[in-house]
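Structure first, then comments.
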Amino acid sequence: MPLHDLTLEQAHALLQRGEISSVELTQALLDRIAVKDKEISAYLTVTAEGAIAAARQADARRVAGEETPLLGIPIAIKDIIHIRGVPTTCGSRILEGFVPAFSATVIHRLQAAGAVLLGKTNTDEFAMGSSTENSAYFTTRNPWSLERVPGGSSGGSAAAVSGRMAFAALGSDTGGSVRQPAAFCGAVGIKPTYGRVSRYGLVAFASSLDQIGPIARNVMDAAILLGVIAGHDPRDSTSSKAPVPDYQAGCWRPAGAGDGLNGLRVGTPAEYLVPGMQPRVTAAVREAIATLEKLGAEIIEISLPHTKYALPAYYLIAPAEASANLARYDGMRYGLRVLGQDVGNTYEQTRAQGFGAEVTRRIMLGTFALRAGYYDAYYLKAQKARTLIRQDFDAAFERVDVIATPTTPTTAFRVGEKMDNPLEMYLADVFTLSMNLAGICGLSLPCGFDDQSLPIGLQLMGPALGEVVVLQAAHAYEQATGWHKERPAL
Amino acid sequence: MNLTLAEVAHIAGLARLALTEEEISLYREQLSAILQYAQLLQELDTEGIPPTALVSPTHCIMRPDEPQPSMSRDDLLSNAPATANGLFQVPLILDQR
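Laid out in structure tokens, this is it:
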């Protein structure tokens, strides 16, 4: 088997046994990127030299007797997370040429564990989008079909993982930006509980919703990465002090829990079947739920009655927070500066030329929602709806352990198909937004293919800090089905 | 919710975005459609429901007020569009008179 086809866990085993070196493994992936990324365009920046240097270091650490699950493993990073000395663009012209002078906490954690960073992956501008088409640089292609989008906003990360150009990657998820591209690319993507992973060094989009999450080729690999990046950080006051469980071991059900998924209660909400859904997606998710039942889970019909308000609430709250967060791009301290006739005009010209259409649209929307006279009717109303959405989940998780739904209403759409209609593009996230509003955790994993051989995603949601039970359900399902073993003919 | 061109131009001014007339016209159409969809929220009875601004259970984290090392001046200035004498150089903000 070529090295790039190994799973993270398999690559680690070979490294540990000394059968390969990290330098060989890293070079194999860099070679693969050099050839295949011409078609896929997953990477904005490839840091080949730095990667080989880190691989050498990892090999030396292993020789010295050190061992971690990521020591010497090549990983990709969404280009919205800072690595000191490596450009961060956020997929935007306004940050073209920006080189951060500090690294994100997740990067420090990955480097301490000995991971090899291959480069920065494409994203919709400031993580706003569902296809990478809003990147100011280029559109990433779906490894399963080059005419289709990889999803977004972490589409570069998902395409790199599924295209065998990284063993795993980090993305960020504000309304589905890890799970939706994972579903479109046939990968596993985790949205951790809000506060589980430090946001320090993640460029802010909507601070009450943003969370960094791993994308990998199977549940165990994603769990390994989550275990490394999770944990309290004094530099992010919203990060949780709850102890980090062993997610890798947590993928397996504890001894005494019975066979398969015996005793696990899986909720299925009626609200997650909407008009316009692709029939094959509905069917695949029904089959997946039947599989969970065969594995011993108890399937319980539940209701999340405020689900339909998640999309309008999200598209007021997230833009409102974005309009405040993106006020910092004024051309004074970093980023693009377009000089106008005075300072006010300099701001206006800089921002108009630096931001693309979707970011401009959301800043406008957020500014509107926060405006005096409209605040109560829009922003405050959305925040109250957010409370009701949270309460739906609180009530549901008294009756069930996990909730199973489709990740997306359709499989990957064609490049250009939704670019003229922002509202239709927003609907690609209709099943993923609620989790961010409620701050709970969950993931997407492959559960089949449509008639065009495009991957379908199953979303499993768990309560706040319930990552382990979600991983157990996902891992058992994956072991029973093997969809994750399918790979694009690239 | 149907926005007028003047309202869109006003919002663009608040957000410090220099938009062309064509852009204002396009955003008027698109933002109106999105806000129309957001009207769905108005049918919700939210009487007595508190707003959720942040989901994490921890608020107002306090820490000891001890000096910590901060970024160096060179690092802080490394991405500046213009610098002078080790400072950010910005357009004139006050009249010189």
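Those protein sequence lines, which keep their order, are chains H and Y. Per numbering that gives the first Met the number 0, residue 0 is the first one in the first sequence, and the count goes up by one each step. Per numbering that gives the first Met the number 0, residue 0 is the first one in the second sequence, and the count goes up by one each step. Quick reminder that beta carbons are idealized off the backbone N, C-alpha and C, glycines included.
For lysine 380/H, decide whether its Cβ has a neighbour in chain Y, counting only Cβ atoms nearer than 7 angstroms. Lysine 380/H counts as touching chain Y.
What does the Cβ neighbour count give for glutamine 471/H, buried or exposed, with the cut at 16 atoms within 10 Å? With 16 or more other Cβ atoms from the protein chains shown falling within 10 Å of its own Cβ, glutamine 471/H counts as buried.
Is alanine 488/H helix, strand or coil by DSSP? The answer is coil: DSSP assigns alanine 488/H none of H, G, I, E or B.
Is the shortest distance between the beta-carbon of asparagine 84/Y and the beta-carbons of chain H less than 7 angstroms? It does not; no Cβ of chain H falls within 7 angstroms.
Buried or exposed for tyrosine 374/H, going by 16 or more other Cβ atoms inside 10 Å? By the 10 Å Cβ count, tyrosine 374/H comes out exposed.
Considering only their Cβ atoms, is the gap separating tryptophan 143/H from leucine 442/H smaller than 7 angstroms? No, the pair does not count as a contact, with Cβ atoms beyond the cut-off.
Check each candidate in Pro462/H, Gln382/H and Ala319/H and name the one with the smallest Cα separation from threonine 45/Y. Closest by alpha carbon: Gln382/H.
Can you check the region 13–51 of chain Y for any alpha helix (DSSP H) of at least 4 residues that lies completely inside it and give the ranges in chain order? At a cut-off of 4 residues, the continuous stretches assigned as alpha helix (DSSP H) that sit fully inside the region 13–51 of chain Y are 20–37.
In chain order, what residues of the same chain have a beta carbon less than 8 angstroms from the beta carbon of cysteine 492/H, not counting five sequence neighbours either side? Residue 492/H is absent from the structure shown; chain H starts at 0 and stops at 489.
Please work out which residues of its chain come closer than 8 angstroms, Cβ to Cβ, to arginine 72/Y, disregarding the five sequence neighbours upstream and downstream, and give them in chain order. So the list reads Gly85, once near-sequence residues are dropped.
Outcome for serine 40/H when other beta-carbon atoms lying within 10 angstroms are tallied against a minimum of 16: Buried is the call here.
Is the Cβ-Cβ distance between valine 187/H and leucine 444/H less than 7 angstroms? Yes, these two residues count as a Cβ contact at 7 angstroms.
Consider the Cβ of aspartate 74/Y: report whether some Cβ of chain H lies at a distance smaller than 7 angstroms. Chain H, which has a Cβ nearer than 7 angstroms to the Cβ of aspartate 74/Y, makes this yes.
Smallest Cα separation from threonine 431/H: which of Lys307/H, Pro233/H, Ile298/H and Pro487/H? Taking only the C-alpha atoms, the option nearest threonine 431/H is Lys307/H.
Between the region 15–36 of chain Y and chain H, which residues of the former have a C-beta closer than 7 angstroms to a C-beta of the latter? Per Cβ criterion, the list reads Arg15, Leu16, Ala17, Leu18, Tyr26, Gln29, Leu30, Ala32, Ile33 and Tyr36.
Any Cβ of chain Y within less than 7 angstroms of the Cβ of glutamate 347/H? So, interface residue.
Based on Cα-Cα distance, which residue from Gly259/H, Gly212/H and Arg350/H lies nearest to isoleucine 80/H? Checked all of Gly259/H, Gly212/H and Arg350/H; the closest Cα to isoleucine 80/H is Gly212/H.
Valine 98/H - DSSP class collapsed to helix/strand/coil: Three-state result, valine 98/H: coil.
Kindly list the residues whose CB is nearer than 7 angstroms to the CB of arginine 240/H, restricted to its own chain and excluding five residues on each side of it in sequence; keep chain order. The question names arginine, but residue 240/H is lysine in the sequence shown. His231, listed in sequence order.
Those residues which DSSP pairs with proline 80/Y across a bridge: DSSP lists no partner for proline 80/Y.
Going by the beta-carbon positions, is the gap between leucine 387/H and histidine 305/H smaller than 7 angstroms? Cβ atoms of leucine 387/H and histidine 305/H: closer than 7 angstroms.
Of the residues Gln390/H, Ala100/H and Ala111/H, which one's Cα is nearest the Cα of threonine 67/H? Check the Cα spacing between threonine 67/H and each of Gln390/H, Ala100/H and Ala111/H: the tightest is with Ala111/H.
Backbone secondary structure at methionine 460/H - three-state DSSP: Note: methionine 460/H maps to strand in three-state DSSP.
Run through the DSSP bridge pairs and tell me what alanine 168/H is partnered with. Answer is Ala75/H and Ile214/H.
Inter-residue CB distance, alanine 368/H and alanine 319/H (contact presumed, cutoff 8 angstroms): The pair is a contact, with the Cβ atoms about 5 angstroms apart (cut-off 8 angstroms).
Sufficient close CB pairs (3 or more, under 8 angstroms) joining the region 265–278 of chain H to the region 241–251 of chain H: By the Cβ test, the region 265–278 of chain H is not in contact with the region 241–251 of chain H, since fewer than three Cβ pairs between them sit closer than 8 angstroms.
So, does the CB of phenylalanine 97/H fall closer than 7 angstroms to a CB anywhere in chain Y? Phenylalanine 97/H counts as touching chain Y.
Range covered by the beta strand (DSSP E) that runs through valine 202/H: Judged by DSSP secondary structure, valine 202/H falls outside any beta strand (DSSP E); it is assigned neither H nor E.
Taking 8 angstroms as the limit between beta carbons, can you name the residues of its chain near glutamate 124/H, skipping five residues before and five after? Cys89, Gly90, Ser91, Asn133, Ser134, Ala135, Phe354, Gly355, Glu357 and Val358, listed in sequence order.
What number of angstroms, rounded off, separates the C-alpha of leucine 166/H from the C-alpha of threonine 25/H? The sequence shown places phenylalanine at residue 166/H, rather than the leucine named in the question. Take the alpha-carbon of phenylalanine 166/H and the one of threonine 25/H: they are about 10 angstroms apart.
Which residues bound the beta strand (DSSP E) around phenylalanine 448/H? That run of the beta strand (DSSP E) goes 440–448.
Taking buried to mean at least 16 other C-beta atoms within 10 Å of its own C-beta, is leucine 117/H buried or exposed? Burial check for leucine 117/H: the Cβ neighbour count within 10 Å reaches 16 or more, so the residue is buried.
Evaluate the contact criterion for the region 54–71 of chain H versus the region 10–26 of chain H: three or more CB pairs, one atom per stretch, below 8 angstroms. Cβ pair count under 8 angstroms is three or more, so yes.
Spatial distance of tyrosine 313/H from alanine 395/H (CA atoms): It is roughly 21 angstroms from the alpha-carbon of tyrosine 313/H to the alpha-carbon of alanine 395/H.
To which residues does DSSP link arginine 413/H through a beta bridge? According to DSSP, arginine 413/H bridges with Arg147/H.
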